[in-house]
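A short write-up of the structure that comes next.
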Amino acid sequence: SQTIHQWPATLVQPVGSPLSLECTVEGTSNPNLYWYRQAAGRGLQLLFYSVGIGQISSEVPQNLSASRPQDRQFILSSKKLLLSDSGFYLCAWSVRAGWDTIYFGEGSWLTVV
Amino acid sequence: SQQGEEDPQALSIQEGENATMNCSYKTSINNLQWYRQNSGRGLVHLILIRSNEREKHSGRLRVTLDTSKKSSSLLITASRAADTASYFCATVPYGNNRLAFGKGNQVVVIP
Chain Y
1 SQTIHQWPAT LVQPVGSPLS LECTVEGTSN PNLYWYRQAA GRGLQLLFYS VGIGQISSEV
61 PQNLSASRPQ DRQFILSSKK LLLSDSGFYL CAWSVRAGWD TIYFGEGSWL TVV
Chain V
1 SQQGEEDPQA LSIQEGENAT MNCSYKTSIN NLQWYRQNSG RGLVHLILIR SNEREKHSGR
61 LRVTLDTSKK SSSLLITASR AADTASYFCA TVPYGNNRLA FGKGNQVVVI P
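Protein chains in written order, with the working numbering: chain Y, 1 to 113; chain V, 1 to 111.
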């Protein structure tokens, strides 16, 4: 069966520090991969999605970037965090062919102080 | 981007009662999905209904879709305390391969 792992689960970072959140998927090949952000009490905002290695689409301009160095690995990064980057970040995957069920990781809580 | 809007945004009910949530959207869709999120956790897919379907069941869940009104409803029958969570609808619009989520509907089931 397929599983998705996301880490770290929680982190507190000072303003201006770098960020790296990692996500890996097991049990499937060529998945679509996504990074979402969820601000407190709000819905999910799609940040990035990827349909293959090295292929990244950015949905909104921001202080973040994403990379997909391997088929089942998706990384969310920032060189210098802002206070507004605080939130709950969710990695997710779906079958490459379409936008049916999306499977989410357990999320990473980021607090920028 | 296309987004569903859930209504009501917060719902508090007694255990055993039914909970009904509605979702409205703005443009034609390929499918509509409902997800559940327990506090501080990732989202879990509940059910998907395609644009050519009108009703779907899964256990105690019943989803309807009215494409003429651009709306969907999620009914949880015989609610349990464990159903306490936020529920999100998400849509995939025609010609736009994005899954866009609404802001969510918080449901509290009181034992």
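The C-beta atom is built at its ideal place from N, Cα and C for all residues, glycine as well.
Owing to the predicted nature of the structure, the values given are computational and were not obtained by experimental measurement.
Any C-beta of chain Y under 7 Å from that of residue i
i	result
Q2/V	Confidence in Q2/V is poor, its pLDDT being 38 and thus under 50, which makes the residue's placement too unreliable to answer from.
I29/V	no
G104/V	yes
In DSSP terms, what residue i is bridged to
i	result
I110/V	Q14/V
G52/Y	Q55/Y
G16/Y	G16/Y pairs with nothing; no bridge assigned.
Y172/V	For residue 172/V there is no data in the structure shown, the boundaries of chain V being 1 and 111.
I75/Y	E22/Y and S67/Y
Any non-hydrogen atom of the ligand ADP closer than 6 Å to residue i Cβ
i	result
A66/Y	Here there are no bound small molecules, and the ligand ADP is not part of this structure.
Within chain V, the residues that residue i reaches when beta carbons sit closer than 9 Å
i	result
L46/Y	S1, R98, L99, A100 and F101
is_contact[residue i, chain V] using C-beta, thresh 7 Å
i	result
L76/Y	no
G16/Y	no
L21/Y	no
L64/Y	no
G43/Y	yes
L33/Y	no
L11/Y	no
Beta-carbon neighbours of residue i, restricted to chain Y and to distances below 9 Å
i	result
S36/V	Sequence inspection shows Arg at residue 36/V; the Ser mentioned does not correspond to that position. Going along chain Y, no residue has its Cβ under 9 Å from R36/V, so there is no contact; the nearest lies around 11 Å.
L74/V	Per Cβ cutoff of 9 Å: no residues; L74/V is ~16 Å from chain Y at best.
Partners in chain V for residue i, counting only beta-carbon separations shorter than 8 Å
i	result
E106/Y	R41 and G42
L90/Y	G42 and L43
8 Å Cβ cut-off: residues of chain Y touching residue i
i	result
L48/V	D100 and T101
Within chain Y, the residues that residue i reaches when beta carbons sit closer than 7 Å
i	result
H57/V	Ordered by position in chain Y, no residue passes the 7 Å Cβ test against H57/V, which lies about 17 Å from the chain.
Whole-angstrom C-beta distance between residue j and residue i, which should lie under 8 Å
i	j	result
P14/Y	V95/Y	The Cβ separation is near 39 Å, so there is no contact.
I53/Y	D71/Y	6 Å
Q37/V	H45/V	About 11 Å separates the two Cβ atoms, so there is no contact after all.
T72/V	C23/V	Note that residue 72/V corresponds to Ser in the displayed sequence, not to Thr. Confirmed, about 5 Å.
Three or more C-beta pairs under 8 Å: does that hold for the stretch 85-98 of chain V against the stretch 12-27 of chain Y? Judged by Cβ distances under 8 Å, the stretch 85-98 of chain V makes no contact with the stretch 12-27 of chain Y, as fewer than three pairs qualify.
Could you say if the stretch 29-44 of chain Y and the stretch 69-87 of chain Y meet the contact criterion of at least three C-beta pairs nearer than 8 Å? Contact holds: three or more Cβ-Cβ distances are below 8 Å.
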